[in-house]
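Mapping to the working numbering: the sequence shown position 127 is 128, numbers consecutive.
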Amino acid sequence: MSLGRRLSALFKGDGEQDPQRELEVSYDRQVALLQQTRRGAADVATSRRRLELQLRQLEARADALHAEAVTAVGAGDDDRARVLLTQHAGLLAQIDELGPQEAQLRASQEQLDLSVQRLGVKVEAFRSQKDVLSAGYTAAEAQARTTTALAGVDEELGDAGFALQRARDRTEAMQAKAQALDELTAISTESPGDAALRRLQELSGGGVDAELARLKDTHPLPGPLPTKELS
Numbered sequence: 002m003s004l005g006r007r008l009s010a011l012f013k014g015d016g017e018q019d020p021q022r023e024l025e026v027s028y029d030r031q032v033a034l035l036q037q038t039r040r041g042a043a044d045v046a047t048s049r050r051r052l053e054l055q056l057r058q059l060e061a062r063a064d065a066l067h068a069e070a071v072t073a074v075g076a077g078d079d080d081r082a083r084v085l086l087t088q089h090a091g092l093l094a095q096i097d098e099l100g101p102q103e104a105q106l107r108a109s110q111e112q113l114d115l116s117v118q119r120l121g122v123k124v125e126a127f128r129s130q131k132d133v134l135s136a137g138y139t140a141a142e143a144q145a146r147t148t149t150a151l152a153g154v155d156e157e158l159g160d161a162g163f164a165l166q167r168a169r170d171r172t173e174a175m176q177a178k179a180q181a182l183d184e185l186t187a188i189s190t191e192s193p194g195d196a197a198l199r200r201l202q203e204l205s206g207g208g209v210d211a212e213l214a215r216l217k218d219t220h221p222l223p224g225p226l227p228t229k230e231l232s
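This is the structure in structure tokens:
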């Protein structure tokens with residue numbers, strides 16, 4: 002397997018488990034938990050406010066009954082005063098019972114509010130780390146893709162170089178073959194008589210020149226005739 006294919010296979014194999022997807026899933030779970038905690042804190046706060054309102058109403062009613070009982074006693078109506086005081090005592094019992102519940106709900110609300118704050122800080126910190134890791138993974142992924150692509154390009158260039166060399170060798174072989182065919186064609190188109198005549202001319206021309214040189218050596222040209230002096 003070529004380097005480019007090995008890198009590509011390795012890259013695809015790593016892609017089966019996408020860390021970005023895992024981070025997003027974990028972040029979504031934390032956000033869901035934060036939202037659930039906020040809803041719980043909101044529900045507790047709503048219940049506490051309702052109970053607090055109920056306590057305020059009971060206290061106001063108890064104060065009113067006590068005032069009516071005082072008025073009845075002042076009017077000499079002990080029976081009515083007794084009834085009013087009995088109702089007042091019942092309201093006080095309810096107030097005493099609901100008071101601790103309201104305090105407990107208040108403490109629960111404060112605890113949940115603190116949990117929401119802490120969880121919110123953790124979720125925000127995780128989100129920041131997730132973004133940093135996601136950006137780093139994206140950059141590494143892009144670099145891996147680039148490296149894989151470059152490896153494929155180098156491989157293709159290597160194959161192209163071999164192809165060019167093969168084409169060059171074939172071209173040279175074809176040129177040699179064409180030259181040989183041209184020579185064979187030239188020889189085959191020349192008749193036997195033409196070849197003999199051409200050979201005779203070559204031999205004759207060479208022999209004539211040689212004989213001419215020999216004659217010049219053995220029979221030099223006579224010198225100029227002497228001139229007669231006038232008396």
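Heads up, the beta-carbon is just placed ideally off N, CA and C, and yes, glycines get one too.
Being a predicted model, the structure only gives us computed values, none of them experimental.
- In this chain, the alpha helix (DSSP H) harbouring residue 75 covers 20-75.
- Cβ-Cβ separation between residue 99 and residue 56: approximately 5 Å, consistent with a contact (criterion under 8 Å).
- The C-beta distance from residue 120 to residue 38 rounds to 6 Å, short enough to meet the 8 Å contact threshold.
- Comparing C-alpha distances from residue 62 to each of 86, 81, 51 shows the shortest one belongs to 86.
- Residue 114 carries a helical assignment under DSSP once its states are collapsed to helix, strand and coil.
- A contact is defined here as three or more CB-CB pairs under 8 Å, and the stretch 129-138 fails this definition with respect to the stretch 83-97.
- Between residue 53 and residue 103, the CB-CB gap stays under 8 Å.
- The beta carbon of residue 69 sits closer than 7 Å to the beta carbons of 85 from its chain, once the five residues preceding and following it are set aside; these are given in chain order.
- Within 10 angstroms of the beta-carbon of residue 148 lie fewer than 16 other beta-carbons, which makes it exposed.
- Of 166, 182, 126, 139, the smallest CA-CA separation from residue 28 is found for 126.
- In the three-state DSSP reduction, residue 78 falls in the coil class, being neither helix nor strand.
- Taking C-beta separations shorter than 7 Å and ignoring five residues to either side along the sequence, the partners of residue 21 in its chain run 135, 138, following chain order.
- Between residue 175 and residue 143, the alpha-carbon positions lie close to 47 Å from each other.
- At the C-beta level, residue 82 and residue 90 stay beyond 8 Å of one another.
- Residue 172 and residue 23 have their C-alpha atoms spaced approximately 58 Å apart.
- A residue is called buried once 16 or more other Cβ atoms fall within 10 Å of its Cβ, and residue 110 is buried on that count.
- In this structure residue 42 is buried. Its beta-carbon is surrounded by 16 or more other beta-carbon atoms within 10 angstroms.
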